Amino acid sequence: MPKVTRRVSIRGVRVLAVATWASTIGLIILGSAVRVTDSGMGCKGWPLCTGAQGSIASFHPVMEESHRLLASIVTVLILLLAWSVRHCERARHLRGPSLVGVGVIGVQIVLGAVTVFAKNAPFTVALHLLTATLFLGVSSVLAVVAFISPERGWSLRTGTGPLAWAAVASLYTVIISGSVVVSAGAQSACAAWPLCLHSSAATSLLLVQTAHRGMVLVASVLVVAFLLVQLRSKRASGGVRVVARLALVLLATQVVVGAMSAIWSSHTEVADVHLAVASLLWSSVVAVLTLSASEPRAPEEVSRRRQAPRVRA
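In this text, residue positions in the sequence shown follow my numbering: the first is 90, and each later residue adds one.
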């Protein structure tokens, strides 16, 4: 009896890719809310709250369980996306990123459990956020590449330059340092901005805060340079220009929110907005990097790929 192979449309793959990206953004924002409201230990057990399933009355358990529920949804979405990519002929160029996404979410699940069992130790909380940010980067790549035709050449290894990677790496470093600032309790170490001239906080906290601001300055210069190069490039597509302009707006917004976060450190909602804008900025810069790595293939290569025999199981 012949084997029946299920096929998935590229439209379905695109819907799943965008849904995964949007859910990941929401997960990071909700995770930030859990952190700033001290709801991380609202559930003592794992994976279910207090080891049992059911309704929860108080605020902190509701926040933590909501975070875990959304994390479960993201996990299901990335698994469905990887399966759909495997069964979609026009999504072969997404197979690598989708498998990376599955691997990263697996690591994130383990880190989530470790964070609970370690009673929200600062190191595990920071590592948990960094892995979530990495997964957001992967989901951003998937959401962009899903709309790139397989007839176009696409490669993050050969289609990008040193400036692009420097901008992305520096921005990720800023997120790392920001996580260290929160984990070390250095958010309120200096209420002045942009320089920290007078503060009664411990020297170690001031150093953490100052280092973070220095990294922000370096990353901002690199990101602006990368985005301006893309905007001025004659080869840049309309999509690259739109996302690059959006990233510049987000960068300016993040600088303003960062200043507000330093001056009004007692307002936890500002810290939430700070991380939310940082996540959107990170995602948009990764999207520009991904779009800039796409180039049209030569007509003869496209013809050769279309005529190549396809072997089906």
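For each residue, glycine too, the CB sits at the ideal point set by N, CA and C. Values in this document were obtained by computation on a predicted structure and should not be read as measured data.
Opening and closing residue of the alpha helix (DSSP H) in which residue i lies
| i | result |
| --- | --- |
| Arg184 | Arg184 to Phe206 |
| Arg246 | No alpha helix (DSSP H) holds Arg246; DSSP gives it neither H nor E. |
| Leu137 | From DSSP, Leu137 is part of no alpha helix (DSSP H); its letter is neither H nor E. |
| Arg181 | No alpha helix (DSSP H) holds Arg181; DSSP gives it neither H nor E. |
Selected residue, minimal CA-CA separation from residue i, among the options
| i | options | result |
| --- | --- | --- |
| Leu256 | Ile117, Val318, Ala215 and Cys132 | Correcting the residue identity first, residue 256 is Ala in this sequence and not Leu. Per the Cα distances, Val318. |
| Leu309 | Val270, Ser259, Phe236 and Asn209 | Per the sequence shown, residue 309 should be read as Ser rather than Leu. When each option's Cα is compared against that of Ser309, the closest is Ser259. |
| Leu294 | Pro283, Leu311, Gln276 and Val307 | Gln276 |
| Trp135 | Thr204, Ala180, His149 and Gly195 | Thr204 |
| Ala108 | Ile162, His363 and Ser147 | Ile162 |
| Gly129 | Pro150, Trp110, Gly115 and Ile118 | Pro150 |
| His301 | Val313, Leu316 and Ala273 | Ala273 |
| Leu170 | Leu380, Ile194, Arg334 and Val344 | Ile194 |
| Val362 | Ala111, Gln343 and Gly327 | Gln343 |
| Arg157 | Val366, Ala122, Leu378 and Val374 | Ala122 |
| Gly120 | Ala215, Ser147 and Leu188 | Ala215 |
| His176 | Gly201, Thr299, Arg100 and Ala376 | Arg100 |
| Ala235 | Val97, Arg103 and Leu369 | Arg103 |
| Ala210 | Val307, Ser112, Ala367 and Arg124 | Arg124 |
| Gly226 | Ala348, Arg96, Ser112 and Val97 | Ser112 |
| Ala365 | Val375, Gly347, Thr379 and Ala376 | Gly347 |
| Ala311 | Thr357, Gln197, Leu378 and Val270 | First, the residue type needs correcting, since residue 311 is Leu and not Ala in the sequence shown. It is Leu378 whose Cα lies nearest to the Cα of Leu311. |
| Cys132 | Met152, Val338, Ile118 and Ile114 | Met152 |
| Val332 | Leu316, Val345, Lys323 and Arg321 | Leu316 |
| Glu154 | Cys138, Val165, Ser147 and Thr164 | Cys138 |
| Arg246 | Thr220, Ser383, Val338 and Thr357 | Ser383 |
| Ala336 | Gly327, Thr249, Lys323 and Ser372 | Ser372 |
| Ala202 | His217, Ser350 and Ser266 | His217 |
Helix, strand or coil at residue i [DSSP, three-state]
| i | result |
| --- | --- |
| Arg124 | helix |
| Ser383 | strand |
| Gly129 | coil |
| Ala376 | helix |
| His156 | helix |
| Arg96 | coil |
| Ser309 | helix |
| His149 | helix |
| Leu105 | helix |
| His176 | coil |
| Ala215 | helix |
Expected contact under 8 Å - CB spacing of residue i and residue j to nearest Å
| i | j | result |
| --- | --- | --- |
| Val359 | Leu340 | Not quite, the Cβ-Cβ distance comes to about 18 Å (not below 8 Å), so this is no contact. |
| Ile167 | Trp282 | Incorrect: roughly 38 Å between the Cβ atoms, too far for contact. |
| Ser381 | Val329 | 6 Å |
| Phe224 | Gly185 | The Cβ separation is near 15 Å, so there is no contact. |
Every unbroken beta strand (DSSP E) inside the segment 321 to 372 [3 residues or more]: Listed in chain order, there is nothing to give.
Contiguous alpha helix (DSSP H) assignments of at least 4 residues, all confined to the segment 232 to 286: Taking 4 residues as the minimum length, the alpha helix (DSSP H) runs contained wholly in the segment 232 to 286 are 251 to 272, in order along the chain.
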